[in-house]
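*Asks:*
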Amino acid sequence: MLSTFYRIECNFLYGKTEFVSNAASTNSVIHKKPRGKRGKMLQHKGTNSIETLRLLLRRFEKSDAKDMFHNWAGDPEVCKYLSWGPHKNIGVTQIRIDSWRNQYNYEDTYVWAIELKSIHQPIGSISVEISDDKAKTCEIGYCLSRPYWNQGIMTEALRTVMRYLFYEIGYEKIIAKHDVLNPASGMVMQKAGMKFEKVLYQVSRRRDGTLCDCAVYAKNIWED
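Taking the numbering used here, I'd label the letters of the sequence shown as residues 1 to 224.
(1) For Arg140, which option in Leu158, Trp149 and Tyr148 has the closest C-alpha, if you only look at C-alpha atoms?
(2) Kindly provide the ranges of any beta strand (DSSP E) runs that are 3 or more residues long and lie completely inside the segment 135-205, ordered along the chain.
(3) Using C-beta distances below 6 Å, list every residue in its chain close to Ser204, excluding the 5 sequence neighbours before and after it, in chain order.
(4) How far does the beta strand (DSSP E) with Ile241 in it reach, from first residue to last?
(5) Can you list, in chain order, the residues of its chain with a C-beta nearer than 6 Å to that of Ala215? Leave out the 5 residues immediately preceding and following it.
(6) Could you compute how far the alpha carbon of Asp132 sits from the alpha carbon of Trp112?
(7) Applying the 10 Å Cβ sphere with the 16-neighbour rule, what's the burial state of Thr52?
(8) How big is the Cα-Cα spacing for Arg228 and Asp208?
(9) Among Ala176, Gln94, Pro122 and Tyr217, which one has its Cα closest to the Cα of Asn71?
(10) Out of curiosity, what's the CA-to-CA distance linking Glu223 and Asn102?
(11) When you compare the segment 65-80 with the segment 88-105, are there three or more beta-carbon pairs, one atom per stretch, that lie closer than 8 Å?
(12) Are Gly46 and Glu115 close, meaning C-beta to C-beta below 8 Å?
(13) When you compare only the Cα positions, how much space is there between Thr160 and Pro183?
(14) If you run the structure through DSSP and keep just helix, strand and coil, what is Ala215?
(15) Closest to Ala176 by C-alpha separation, out of Thr109, Val128, Arg58 and Glu168, would be which residue?
(16) Taking Tyr171 and Lys136 to be in contact with their CB atoms under 8 Å, please state how far apart those CB atoms are, rounded to whole angstroms.
(17) Hey, out of Ser49, Asn48, Gln43 and Arg146, whose CA is closest to Gly74's CA?
(18) To the nearest angstrom, how far is it from the Cα of Lys32 to the Cα of Tyr104?
(19) Is the CB-CB distance between Cys138 and Ile126 below 8 Å?
(20) Measure the beta-carbon distance from Met244 to Val188 and round it to whole angstroms, keeping in mind my assumption that it falls under 8 Å.
(21) Write down the C-beta distance between Lys195 and Lys219 rounded to the nearest angstrom, noting that I regard them as a contact closer than 8 Å.
Next up, the structure:
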């Protein structure tokens with residue numbers, strides 16, 4: 001299934017965003033600070049490509065396995081607070097990508113590779129982990145290659161994906177969680193406009209068997 005392409009013309013300092021689709025002329029703007037779709041059902045559109053100043057958020061390709069493994073999936077430091085451990089080899093990464101690619105057949109799948117345009121390589125991923133269509137709420141997860149931490153890249157990707165999910169799909173609330181031992185992830189959420197809600201105590205176990213407390217952040221569409 002061919003995905004729609006969106007170019008995002010944005011000023012992240014002032015929060016201005018425009019979505020421009022290849023389905024229309026390059027001069028036609030689909031949304032510019034729209035009001036959202038409150039009262040309507042979600043309009044799932046799948047993992048469409050979105051371009052920002054530095055990034056191309058796109059579907060994973062079969063050929064991404066090598067870059068994904070070397071850039072983040074095989075790095076124990078990147079995976080330290082994730083539910084899955086570092087991949088042992090490229091074969092494991094390829095299986096993961098193939099699974100995502102199969103899921104792209106469904107329009108309620110949102111799994112993006114974060115490609116840095118300056119090097120034409122994927123350096124991370126961002127996805128909808130859990131969706132409650134009735135409540136119009138979803139949870140986002142993400143990870144990023146270590147050399148690109150603290151450069152605002154993850155904030156740029158998160159903010160962009162939230163806008164897409166709010167204004168193109170119709171979600172009204174977006175949630176993200178992080179291990180309380182990983183406050184840097186919470187800073188990303190705050191910079192993207194999410195607000196701290198609560199701590200969930202001992203909600204899961206880390207890979208070493210210890211109990212994990214998670215901080216919950218959220219953003220509502222009317223706060224955008």
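Don't be surprised by glycine CBs; every beta carbon is placed ideally from N, CA and C.
Computed from a predicted structure; not experimentally measured.
*Replies:* From the atom records:
(1) Here residue 140 is taken as the residue at index 140 of the sequence shown, counted from 1. It should be pointed out that residue 140 corresponds to Ile in this sequence rather than to Arg. Among Leu158, Trp149 and Tyr148, the Cα nearest to that of Ile140 belongs to Leu158.
(2) If only complete runs of 3 or more residues are kept, the segment 135-205 shows the beta strand (DSSP E) at 137-144, 173-179 and 195-205, in order along the chain.
(3) Taking the first residue of the sequence shown as position 1, residue 204 is located at position 204. The beta carbon of Ser204 lies closer than 6 Å to those of Cys212 in the same chain, with the five residues before and after it left out.
(4) Because the chain spans 1 through 224 in this model, residue 241 falls outside it and cannot be assessed.
(5) Taking the sequence shown and counting its residues from 1, the one referred to as residue 215 is at position 215. Excluding five sequence positions before and after Ala215, the CB atoms of its chain that fall closer than 6 Å to its own CB belong to His178, Val180, Gly186 and Val199, given in chain order.
(6) Position 132 of the sequence shown holds residue 132. Position 112 of the sequence shown holds residue 112. C-alpha separation (whole angstroms): 19 Å.
(7) Numbered from 1 along the sequence shown, position 52 holds the residue referred to as residue 52. By the 10 Å Cβ count, Thr52 comes out buried.
(8) This structure cannot settle anything about residue 228, because the visible part of the chain is limited to 1 through 224.
(9) As a position in the sequence shown, residue 71 is number 71, starting the count at 1. It is Pro122.
(10) Locating residue 223 in the sequence shown gives position 223, where the first residue counts as 1. Locating residue 102 in the sequence shown gives position 102, where the first residue counts as 1. When rounded, the distance between both Cα atoms is 34 Å.
(11) By the Cβ test, the segment 65-80 is in contact with the segment 88-105, since at least three Cβ pairs between them sit closer than 8 Å.
(12) Here residue 46 refers to the residue found at position 46 of the sequence shown. Here residue 115 refers to the residue found at position 115 of the sequence shown. Not closer than 8 Å, so no.
(13) For this step, residue 160 is matched to residue 160 along the sequence shown. For this step, residue 183 is matched to residue 183 along the sequence shown. Going from the Cα of Thr160 to the Cα of Pro183 covers about 21 Å.
(14) For the purposes of this step, residue 215 is taken as the residue at position 215 of the sequence shown. Strand.
(15) On the sequence shown, position 176 is the one that residue 176 refers to. Among Thr109, Val128, Arg58 and Glu168, the Cα nearest to that of Ala176 belongs to Val128.
(16) Here residue 171 corresponds to residue number 171 of the sequence shown, with the count starting at 1. Here residue 136 corresponds to residue number 136 of the sequence shown, with the count starting at 1. So it is a contact: roughly 5 Å between Cβ atoms.
(17) In the sequence shown, the residue the question calls residue 74 occupies position 74. With distances taken between Cα atoms, Gly74 lies closest to Arg146.
(18) On the sequence shown, position 32 is the one that residue 32 refers to. On the sequence shown, position 104 is the one that residue 104 refers to. Residue confidence is low: Lys32 scores 38 on pLDDT, short of 50, so the model does not pin down where it sits. No coordinate-derived value is stated.
(19) Here the question's residue 138 lines up with position 138 in the sequence shown. Here the question's residue 126 lines up with position 126 in the sequence shown. Cβ distance not < 8 Å, so Cys138 and Ile126 don't count as in contact.
(20) Since the first residue of the chain shown is 1 and the last is 224, residue 244 is not available in this structure.
(21) For the purposes of this step, residue 195 is taken as the residue at position 195 of the sequence shown. For the purposes of this step, residue 219 is taken as the residue at position 219 of the sequence shown. Contact between Lys195 and Lys219 holds: their C-beta atoms lie close to 7 Å from each other, under 8 Å.
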